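Read through the structure below, which is laid out as C-alpha cells, and then see the notes.
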Amino acid sequence: LQDGESHRNKESMLDEYFSYGEIYFDRQQVEWVLNNYDLFSQGVWPPEFLETGYTDLPQRHISQEAYFVKPAVILGEIMTRVKMCGLDAFLIIEKYVNHKDETSISLEWHIPFEEVCSRINKVLFYISSGSEGRNIPYQEWKKIARYRKALSRRALRN
Numbered sequence: 153l154q155d156g157e158s159h160r161n162k163e164s165m166l167d168e169y170f171s172y173g174e175i176y177f178d179r180q181q182v183e184w185v186l187n188n189y190d191l192f193s194q195g196v197w198p199p200e201f202l203e204t205g206y207t208d209l210p211q212r213h214i215s216q217e218a219y220f221v222k223p224a225v226i227l228g229e230i231m232t233r234v235k236m237c238g239l240d241a242f243l244i245i246e247k248y249v250n251h252k253d254e255t256s257i258s259l260e261w262h263i264p265f266e267e268v269c270s271r272i273n274k275v276l277f278y279i280s281s282g283s284e285g286r287n288i289p290y291q292e293w294k295k296i297a298r299y300r301k302a303l304s305r306r307a308l309r310n
C-alpha cells in the first residue's frame, strides 16, 4: 500500500450494495457495513445506488418486524466481533467508523504506518473468518496466523 492508500478504493466501496440476504460477513461486506456505520446505527439499511442517479427507496409493505431490526442485527454482529479484538478494535473504528486514513491513524496513535495497516488487516481477517476462527480468542488467533505465515514462507523457499 502507498502512504495513505486504503486496501480498496473508497468510491468503489460506496457503489457497492448488499441486501440483508446477501450478508454472510466476508471481508468486503464487513467493510461495507462499517463504512455505513452511521446509517446502520440509526436502524436504516443503506439505499442502493442506481444508474439513474436515484436511490432505491424502500417500498411500503407490511412487515412482521420493525424497520430497524435487520440493520441492528447485522451491525450488532459485526461490532460484537470487532470488540473481541482488544486494542486493535480501536484502529478499525478509527478507519471505518470515523473515516480516517491509515496515515492519520498512524500519526495520531504514534504507531508506524505499516503496523497500522497490518493490524487493521488482521482484525478484518479475524472478524470475517467464520465461526471457526472466532471460537479462538483474537490473541491466540494472531499467533496461529503468524505460525501459518512462517510455514508458508518456509515452503516457498524450498
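Going by the working numbering, the sequence shown opens with residue 153, and the numbers climb by one from there.
Heads up, the beta-carbon is just placed ideally off N, CA and C, and yes, glycines get one too.
Here the structure is a predicted model, which means the values were calculated and not measured.
Query raised in the report: Is it the case that the Cβ atoms of I230 and K247 are separated by a distance below 8 Å?
Result: Position 78 of the sequence shown, counted from the first residue, corresponds to residue 230. Position 95 of the sequence shown, counted from the first residue, corresponds to residue 247. Result no, Cβ atoms of I230 and K247 do not sit closer than 8 Å.
Query raised in the report: Between the segment 181-193 and the segment 218-226, do at least 3 Cβ pairs fall closer than 8 Å?
Result: In short, these stretches touch, since the Cβ pair count reaches three.
Report task. Use the C-beta contact count for K294: other C-beta atoms within 10 angstroms, 16 or more gives buried, fewer gives exposed. Result -> In the sequence shown, the residue the question calls residue 294 occupies position 142. Buried: at least 16 other Cβ atoms inside 10 Å.
Report task. Helix, strand or coil for H159, going by three-state DSSP, please let me know. Result -> Position 7 of the sequence shown, counted from the first residue, corresponds to residue 159. Annotation note: pLDDT 48 at H159 (below 50); position unreliable, coordinate value reported separately. In the three-state reduction of the DSSP assignment, H159 falls in the coil class.
Requested in this report: Quick one: grab the DSSP three-state call for E217.
Outcome: Position 65 of the sequence shown, counted from the start, is the residue given in the question as residue 217. Note: E217 maps to coil in three-state DSSP.
Query raised in the report: Would you call K274 buried or exposed, if buried means 16 or more other Cβ atoms sit within 10 Å of its Cβ?
Result: Indexing the sequence shown from 1 puts residue 274 at position 122. With 16 or more other Cβ atoms within 10 Å, it is buried.
Report task. Pull up the distance between the alpha-carbon of C237 and that of S171, whole angstroms please. Result -> Within the sequence shown, numbered from 1, the residue matching residue 237 stands at position 85. Within the sequence shown, numbered from 1, the residue matching residue 171 stands at position 19. Rounded to the nearest angstrom, the gap between the Cα atoms of C237 and S171 is 27 Å.
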